[in-house]
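Numbers given in the working numbering equal positions in the first sequence, counted from 1, plus 12.
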Amino acid sequence: MLDISIIRQEPEKVRGMLRDRCYTDDVLNEFIRADSEWRRLTDRGNVLRKERNAVSQTIPSLKGAEKTKKIEEMRLVSDEIKDIDTKLAELDAIREGCVLEIPNIPHHSVPVGKDANDNVIVGERGKVRKFDFRPKEHFEIGEALDIIDFERGTKVAGSGFYVLKGDGARLERALINYMLDIHHDQGYKEVFTPAVINRSAVIGTGQYPKLKDDMYWLERDDLWLNPTAEVPVTNLHQDEIFDKNDLPISYVAYLPSFRREAGKHSDTRGIARVHQFNKVEMVRFVRPENSFDVLEELRENAEDIIRGLELPYRILLLCTGDMSFHAAKCYDLELYAPGRDNWLEVSSCSCFTDFQARRARIKFRPEPHLKSEFVHTLNGSGLALPRTMVAILENYQNEDGTVTIPKVLRPYMKGQKIIG
RNA sequence: GCCGAGAUGGCCCAGCCCGGUAAGGCGCGAGCCUGGAAAGCUCGUGGGGGAAACCCCUCGGGAGUUCGAAUCUCCCUCUCGGCGCCA
13 MLDISIIRQE
23 PEKVRGMLRD
33 RCYTDDVLNE
43 FIRADSEWRR
53 LTDRGNVLRK
63 ERNAVSQTIP
73 SLKGAEKTKK
83 IEEMRLVSDE
93 IKDIDTKLAE
103 LDAIREGCVL
113 EIPNIPHHSV
123 PVGKDANDNV
133 IVGERGKVRK
143 FDFRPKEHFE
153 IGEALDIIDF
163 ERGTKVAGSG
173 FYVLKGDGAR
183 LERALINYML
193 DIHHDQGYKE
203 VFTPAVINRS
213 AVIGTGQYPK
223 LKDDMYWLER
233 DDLWLNPTAE
243 VPVTNLHQDE
253 IFDKNDLPIS
263 YVAYLPSFRR
273 EAGKHSDTRG
283 IARVHQFNKV
293 EMVRFVRPEN
303 SFDVLEELRE
313 NAEDIIRGLE
323 LPYRILLLCT
333 GDMSFHAAKC
343 YDLELYAPGR
353 DNWLEVSSCS
363 CFTDFQARRA
373 RIKFRPEPHL
383 KSEFVHTLNG
393 SGLALPRTMV
403 AILENYQNED
413 GTVTIPKVLR
423 PYMKGQKIIG
């Protein structure tokens, strides 16, 4: 959610931003219309309230006809106030609806662009392996080794679900532990949160209303299945005011994530796009001054995971048109997968400035006597599990169909060096 | 699921029965005092509108009654006890 005063004072700046992000300015126009009417009526309502407050005070001391007359007058004033309040509530709902749909203002370092083609490749790291045989795709490898079972995932849940078996399941568990350990050493505090979240949480981080169709919704209880640990972890501090010494806060969480992926049909083969996947997520709460420096650090923290796994990857700086609507700046990390010969997004590291904090009402008090201000929030995957698994299977595959286990994971698998 | 008790400013807590401008304390800040400090005293300490003066709102959320609601009525949420069920 943007600061309403920015929309009021600099509507043209917001309009330009919407254009850069390939949004229409309809919501902005609607907001401005509703807001000016809201302000006019608020003013009128305040004048009436002032009168009612003053007269109500005098009523107990009045007597007889005078008293009856004043009460009758105030009855009319109250009716008008009620009328205005009804209109104000409608206008407020319109304002609220609009402001929830206006995206964050991108940082000035974010390239202006239309879609994924305009993203900037900031760097390519690690060596792409040369194969002297045709590298297989991960699902061929996984099925041959009987470590990924798509058929049985479909049987118990439906298409888009899968089962990890044997060394596949153990590799998954090793990855989770490896990632959590690295982030722990980087200074993150591990948290394990509910995987089911309420309405106020999904509004708080900005998934609702924009992405509501992509989440599983438990109608009977009005709860959602977690789409990314960003939601429960950021909302841990909903409605809180930190003391200055509480910040910065860095959390890391491992949590299953659920996505309906409604209307998406490409890339259905394998585990690169599934309805349920594990993810390790970093979330930071910081003071506003240096949040974009923290974003660089957060991205490094995610890159450390990849470097440890010795996988080839590249870093993208997303353009204005491709960023998710609540981000002010976002890097994607993509792993190279030789079997399918393309890049897989395994991490998205974003700075949200005060956009989420404003929605979730997360503040800090810079000094005990000063007003509280909104914190800045950031998060980044470190990393998404299935796609990391894809990259490992495809990069570490051997000609005989076996898969070498990356060195850093072996301690988590009792020293095992190979799957197969 | 049932019964009971609660939710009040950054924190603690009074007011509710019996409707009339949210009392007090802590913390923090500014001022006075002091050689300096402590103590003491005064003021300030949530949100919105307004260029400002100033005004309005705010007692878990929502509806209602009333000239007027923290206070009365109804609905909902959450917390804490007790009972029940349960891996």
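All residues carry an ideal CB built from backbone N, CA and C; glycine is no exception.
Report the option in the options whose CA atom is closest to the CA atom of residue i.
i	options	result
P380	P300, V134, D258	D258
F151	E163, R64, F143	E163
D158	K429, R422, V415, Q428	V415
D305	C110, R371, K341	K341
T217	R232, N247, I188	N247
L356	N407, L74, R422	N407
G333	N391, D15, R33, L14	R33
L310	M401, L235, E202, C361	C361
A186	I317, E411, C363, I374	I317
Q368	Y220, V124, E155	Y220
G320	G394, D366, T166, V122	G394
P127	V208, L330, A156, D226	At residue 127 the sequence reads Asp, which differs from the Pro that was named. Of the candidates V208, L330, A156, D226, the one whose C-alpha sits nearest the C-alpha of D127 is L330.
R51	I16, N65, G180, S384	I16
F297	Y343, S359, H249, K142	H249
F43	A314, Q21, L60	Q21
E315	D344, S336, V140, A339	D344
R146	Q428, R272, P350, R370	P350
H119	F386, M401, T365	T365
E273	L223, V168, L74	L223
T205	L53, V264, E155, L176	V264
V140	E346, L53, S90	E346
M227	V286, A77, G76	V286
L14	A339, L382, S359	A339
Mind checking who residue i pairs with in its DSSP beta bridge?
i	result
D161	V175
Q288	F270
F439	Absent from the structure is residue 439, since the part of the chain shown begins at 13 and ends at 432.
F337	Beta-bridge pairing links F337 to no other residue.
I431	V415
V325	What sits at residue 325 in the sequence shown is Tyr, not Val. According to DSSP, Y325 bridges with R137, L347.
R296	S262, L390
Go through its chain and collect everything with a Cβ distance to residue i's Cβ below 8 Å, but skip five positions before and after it.
i	result
I71	K79, K82, I83, M86
G57	I93, I96, D97, L100
L40	I19, P23, V26, R27, L30, C110, I114
G199	S262
I188	Y266, N290, V292, L397
D412	G432
L230	V208, W236, L237
G125	N131, C331, T332, G333, D334
Just to confirm my understanding: we take residue i, look at its own chain, exclude 5 residues before and 5 after, and list those with CB closer than 7 Å. What are they?
i	result
N354	none
E49	L103
Y35	P115
Y424	A186, N189, Y190
Q428	I417, R422
R281	F151
Take residue i and list the residues in its own chain whose beta-carbon comes closer than 6 Å to its own, dropping the five residues that flank it on each side.
i	result
I153	L405, Q409
I283	Y174, P398
C46	Note that residue 46 is Ala in the sequence shown, not Cys. The residues are L103, I106, R107.
S384	I253, K375, R377
S303	C363, H388
R299	L259
V132	P123, L329
G178	I159
Exercise. In chain order, which alpha helix (DSSP H) runs of at least 4 residues are fully inside the region 342-417?
Worked result: 367-372, 397-407
Exercise. Does the region 129-147 touch the region 322-332, meaning 3 or more C-beta pairs lie closer than 8 Å?
Worked result: yes
Problem set entry | Any alpha helix (DSSP H) of 4 or more consecutive residues that is wholly inside the region 167-254 | 179-197, 211-216, 242-246
For this session: Kindly confirm or deny that the region 204-214 and the region 180-195 touch, where touching means at least three C-beta pairs closer than 8 Å.
Result: no
Exercise. What are the complete beta strand (DSSP E) segments, minimum 3 residues, inside the region 71-154?
Worked result: 132-137
Exercise. Below 8 Å, can you find three or more Cβ-Cβ pairs linking the region 237-257 to the region 280-297?
Worked result: yes
For this session: At 4 residues or longer, and completely inside the region 20-46: list those alpha helix (DSSP H) runs for me, N to C.
Result: 23-32
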